[in-house]
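Position in the sequence shown counted from 1, then plus 210, gives you our numbering. Note that CB positions come from ideal geometry on N, CA and C, so glycine has one too. These notes are about the structure you will find just below.
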Amino acid sequence: MKNKSIYILGIESSCDDTSASVICNGKILSNVVATQEIHAKYGGVVPELASRAHQQNIVPVIQQAIQQANIDKKDLNAIAFTRGPGLMGSLLVGTSFAKSLSLALDIPLIAVNHMQGHVLAHFIEDESMQKPPFPFLCLTISGGHTQIVKITNYFTMEVLGETLDDAVGEAYDKSAKILGLPYPGGPLVDKYAKLGNAKAFKFTKPKVDGLNFSFSGLKTGILYFIQKKVKENPNFIEENLNDICASIQYTIVKILFDKLKKAVEETEINHIAIAGGVSANSEIRKVLKSYEASLGWTTYIPKFEFTTDNAGMIAIVGYLKYLENNFSNTSTTATARLKVNDN
Ligand code: KG4
Ligand code: ZN
211 MKNKSIYILG IESSCDDTSA SVICNGKILS NVVATQEIHA KYGGVVPELA
261 SRAHQQNIVP VIQQAIQQAN IDKKDLNAIA FTRGPGLMGS LLVGTSFAKS
311 LSLALDIPLI AVNHMQGHVL AHFIEDESMQ KPPFPFLCLT ISGGHTQIVK
361 ITNYFTMEVL GETLDDAVGE AYDKSAKILG LPYPGGPLVD KYAKLGNAKA
411 FKFTKPKVDG LNFSFSGLKT GILYFIQKKV KENPNFIEEN LNDICASIQY
461 TIVKILFDKL KKAVEETEIN HIAIAGGVSA NSEIRKVLKS YEASLGWTTY
511 IPKFEFTTDN AGMIAIVGYL KYLENNFSNT STTATARLKV NDN
């Protein structure tokens with residue numbers, strides 16, 4: 211017989227955050243994230259250092275998640291883990307640990323697609339969040355992905371458009387690096403942008419067909435612009451940091467919303483969610499909210515802690531799969547490349 215309370219442990223280790231979460235019937239009991247500071251001085255994630263740090267962090271992070279949830283590991287009903295997409299070495303740490311723990315506790319194993327995790331974080335039971343009805347569109351924006359996804363039900367997702375080169379998070383991080391800001395630069399560009407004039411500098415927006423995106427040209431444009439200005443005035447960045455960040459942010463947000471508006475027109479779906487690390491961005495949240503009144507959209511904005519990589523989003527997918535008896539076996543392998551509709 212099924213337990214009344216279903217406890218799932220989620221494990222996330224796809225990139226540079228080691229995270230573990232316990233949820234009970236879709237409600238978060240704990241969501242512990244160990245962020246790896248080591249990458250800041252390299253200006254980006256160093257895969258080999260990431261997997262080593264995951265190995266150091268995984269046991270204490272899981273122990274802490276179980277402790278904070280105030281349960282015993284014997285209470286767990288299943289282990290959900292990120293099988294991909296992500297860095298192979300990092301994924302292997304979480305995958306191997308999840309397999310061993312499921313064997314040791316003799317409970318089911320559930321493989322989770324990280325991209326589905328970002329989207330389905332909207333289904334975490336939380337008073338401050340409203341669940342989107344099907345079908346809805348989700349703008350998934352992170353350090354690795356930029357996609358407009360149509361979600362017909364929990365595990366039926368279709369990519370309507372995606373980036374042809376850099377992800378939007380990369381555009382933020384690379385722009386920040388050009389400005390001499392540490393990794394990850396997205397939150398810093400966002401912070402300085404709030405204090406600046408978005409119309410101070412103009413950057414060219416790419417011309418891309420359909421609902422796809424491109425961000426690599428923008429990054430190059432920013433690089434040439436800064437190099438030219440710094441040649442004229444070595445203090446250009448310090449003297450104009452807020453305005454530069456505001457102008458970069460304005461351009462990125464405009465690129466994203468031009469395509470999102472097009473997707474809404476084409477699909478006639480106006481329930482719109484955002485997901486992924488970049489959805490923590492203040493301007494993106496503000497503009498999206500403003501479209502409720504001006505365009506009649508209903509919008510779904512996740513809580514900050516469920517936007518950047520976290521195991522709560524893996525645990526909720528685990529729970530939804532558990533309800534469908536959708537389990538994996540120990541021959542499941544970590545997969546660096548996985549599409550959003552790969553279950
Ligand atoms: O989802 P996430 O934690 O990891 C990936 O799966 O990639 O996203 C991380 C990305 C980084 O590029 C980071 O700079 C960006 O999210 N980010 C932001 C903000 N907070 C995080 N970008 C812009 N504004 C923010 N407030
Ligand atoms: Zn992610």
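| Item | Value |
| --- | --- |
| Closer than 8 angstroms: H332 CB and nearest the ligand KG4 heavy atom | no |
| heavy atom of the ligand ZN below 8 angstroms from G354 C-beta | yes |
| Three-state class that DSSP yields for S261 in the structure shown | helix |
| Any non-hydrogen atom of the ligand ZN closer than 8 angstroms to G294 Cβ | no |
| Member of Y252, M298, C234 and Q277 whose CA lies at the smallest distance from the CA of H264 | M298 |
| Alpha carbon of A290 to alpha carbon of E335, nearest angstrom | 17 angstroms |
| Residue span of the alpha helix (DSSP H) that contains E475, given as start and end | F446 to T477 |
| Buried versus exposed call for L151 [16 or more other C-beta atoms within 10 Å across all chains shown] | Residue 151 lies beyond the residue range present for the chain, which begins at 211 and ends at 553; the question has no answer from this structure. |
| Bridge partner(s) assigned by DSSP for D227 | T245 |
| Burial state of L370, where buried means 16 or more other Cβ atoms lie within 10 Å | buried |
| DSSP bridge partner residues for Q357 (one or two, in chain order) | T350 and E372 |
| Sequence-distant residues of its chain with Cβ nearer than 7 angstroms to V303 (five each side left out) | S223, S261, H264, Q265 and I268 |
| Outcome for G354 when other beta-carbon atoms lying within 10 angstroms are tallied against a minimum of 16 | buried |
| Residue closest to L259, alpha-carbon to alpha-carbon, out of K284, G296 and S300 | S300 |
| Opening and closing residue of the beta strand (DSSP E) in which E335 lies | Run containing E335: none; DSSP gives neither H nor E here. |
| Candidates T477, I479, I351 and R293: closest to A525 by CA position | R293 |
| Any non-hydrogen atom of the ligand KG4 within 8 angstroms of T545 CB | no |
| Any non-hydrogen atom of the ligand KG4 within 8 angstroms of H249 CB | no |
| Near the ligand KG4: C225 beta-carbon under 8 angstroms from a heavy atom | yes |
| N-terminal and C-terminal residue of the beta strand (DSSP E) that Y217 is part of | Y217 to E222 |
| Bridge partners - T508, DSSP secondary structure assignment | H481 |
| Opening and closing residue of the alpha helix (DSSP H) in which L311 lies | M298 to L315 |
| Straight-line Cα distance separating Q326 from C225 | 16 angstroms |
| Of the residues A503, G254 and L389, the one placed nearest P444, counting alpha carbons only | L389 |
| Assigned exposure category for G522 - 16 Cβ within 10 Å defines buried | buried |
| Three-state class that DSSP yields for I436 in the structure shown | helix |
| Spatial neighbours of E493 in its chain, beta-carbon cut-off 6 angstroms, leaving aside the 5 residues before and after | Q459 and V463 |
| First through last residue of the beta strand (DSSP E) which encompasses L319 | L319 to N323 |
| Proximal residues to G244 (C-beta, below 6 angstroms), its chain only, five neighbours per side dropped | Sequence check: residue 244 is Ala here, not Gly. Excluding residues within five positions, the ones whose Cβ falls inside 6 angstroms are T228, N267 and V271. |
| N- and C-terminal bounds of the beta strand (DSSP E) containing A386 | First-last for A386: V378 to I388, but that is the alpha helix (DSSP H), not the beta strand (DSSP E). |
| The region 506-522 contacting the region 357-376, beta-carbon criterion three pairs below 8 angstroms | no |
| Nearest-angstrom Cα separation, counted from E478 out to Y501 | 15 angstroms |
| Nearest candidate by alpha-carbon position, reference N539, set K471, A308, T414 and G431 | A308 |
| Straight-line Cα distance separating G406 from Q273 | 43 angstroms |
| Proximity winner among V256, L315 and N323, relative to D552 (alpha-carbon distances) | N323 |
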